[in-house]
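Numbered by this note's numbering, the letters in the sequence shown go through residues 17 to 344 in order. Please read the structure below before turning to the comments.
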Amino acid sequence: MNSGINKAASSAPAKIILFGEHFVVYNNPAIVAAINRRIHVVAQLNDKSRVNIKSGQNSLSIPINSNDNDMMSHDNSSVSLFPIFKCVKHVLDEKNLVNAGVNLEIESQIPHGEGLGSSAASCVSTVAALYSLFSDFDKNQIYETARIMEQNIHTNSSGVDCYVSTFGGIVNFEPEKGFSKISPRKKFTLLIGASGIKHSTGEVVSQVRQFREKNSSLFNDLSSRAHHICRRAISSMNEGNESELGSLLTENHKLLSILGVSHPEIEKLIKICLNNGALGAKLTGAGKGGAVIALIPTDSSDEVIAKIGSGPGKWIQVEFDYDGVILG
Ligand code: MEV
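Structure below.
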């Protein structure tokens with residue numbers, strides 16, 4: 017087997033969309049940040065021409081030459097790992113390894129279906145671990161491949177999730193200009209609340225496409241308001257103005273509610289945040305369930321976090337991640 021090493025490990029972070037989800041799919045900006053929750057992947061070459069994947073309770077074991085039709089005979093939990101299988105097949109094909117197979121072990125700290133970028137992080141960390149088997153660790157190449165692979169999970173993806181999971185940090189994405197880093201003047205305190213309601217990003221993205229087809233002028237109006245919010249949010253971060261940043265989060269959430277991607281449980285969590293001292297709150301990611309993010313005033317963070325945490329919902333305080341995908 018003409019590989020560099022036999023076993024490699026990699027991990028990639030989850031993400032939150034601070035501003036601009038959904039609108040970004042239609043040529044508008046989005047501000048996205050990596051957070052300190054990760055997916056870890058260990059990849060090991062085998063010479064059995066099989067791909068064996070273990071991820072929590074789910075597992076999949078299939079020949080490397082399997083195709084989409086072969087998946088029909090598998091149960092849902094195995095089918096959910098098929099996009100990961102496609103990552104393996106893609107990289108082995110690229111490396112011209114005909115009879116090789118791979119064993120993958122995936123461990124995730126990122127809840128699935130909560131809008132925190134678990135699909136992107138699993139593609140990024142899998143692709144990175146696989147390339148590392150061949151002594152390749154080029155973040156640009158990892159991003160390009162993971163982005164194509166993520167399209168197998170949801171078509172029409174803007175690519176922002178894979179980008180931030182690969183490179184880390186807080187980034188502004190403008191479809192015509194690309195990605196640029198944001199370095200806030202101060203450290204913000206962020207809480208994430210999980211509603212426990214799972215969604216499929218692909219399905220919510222296609223519901224928004226239908227909304228846009230039926231309500232084009234309303235959609236355009238919401239898009240330009242979202243665009244304006246992103247611009248103001250960059251200034252608020254650069255200036256360290258947390259109260260304005262908080263208001264912008266809540267404003268952005270209202271646009272998403274009009275778009276139809278909120279959920280009664282999400283509205284409940286947002287009310288809890290705003291009634292207990294958060295500076296602002298919004299859903300993050302595709303919506304229709306998933307998670308909310310809340311900005312907490314730095315000077316009374318313990319008190320506000322304790323109040324919010326004592327109500328319903330599962331809350332975690334998160335930090336931004338500046339590493340992106342790493343080896344090991
Ligand atoms: C999903 O995390 C974010 C969406 O804007 C879709 C995308 O950008 O690919 C809803």
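By construction, the Cβ of each residue, glycine as well, lies at the ideal position given by its N, Cα and C atoms. It should be emphasised that the depicted structure is a prediction, and the values quoted were computed from it without experimental measurement.
- Runs of the alpha helix (DSSP H) spanning 4 or more residues and lying entirely within the stretch 161 to 232 occur at 176 to 183, 217 to 230, in chain order.
- Residue pairing from DSSP leaves E110 without any beta-bridge partner.
- A210 and L299 have their C-alpha atoms roughly 10 Å apart.
- Leaving aside the five residues that flank I245 on each side, the residues in its chain whose CB is nearer than 7 Å to its CB run, in chain order, F35, L264, E267, N268.
- Beta-bridge partners of S124 (DSSP): I55.
- As the crow flies, the alpha-carbon of S89 is around 40 Å from that of N44.
- Close CB contacts of G175 within its chain, under the 7 Å cut and outside five residues either way in sequence, are with R163 (chain order).
- Rounded to whole angstroms, G327 and A310 show a C-alpha spacing of 14 Å.
- Shortest gap from the CB of G131 to any heavy atom of ligand 1: under 7 Å.
- At least one heavy atom of ligand 1 lies less than 7 Å from the C-beta of V40.
- In chain order, N168, I169 place their CB closer than 6 Å to the CB of P99, counting only its own chain and leaving out the 5 sequence neighbours on each side.
- Nearest C-alpha to S93 among K203, S82, G72, G117: G72.
- Per DSSP, reduced to three states, the secondary structure at Q60 is strand.
- For G301, the shortest C-beta to heavy atom distance toward ligand 1 is below 7 Å.
- Remark: three or more beta-carbon pairs, one from each stretch, lie closer than 8 Å, so the stretch 121 to 129 and the stretch 54 to 70 are flagged as touching.
- Pairwise C-beta distances place the stretch 189 to 201 in contact with the stretch 242 to 257, as three or more of them are shorter than 8 Å.
- Looking from the CA of G218, the closest CA among G194, E130, C103 belongs to E130.
- Under the three-state reduction of DSSP, S71 is assigned to strand.
- Nearest in C-alpha terms to E160, of all of N85, F150, D63, V180, is V180.
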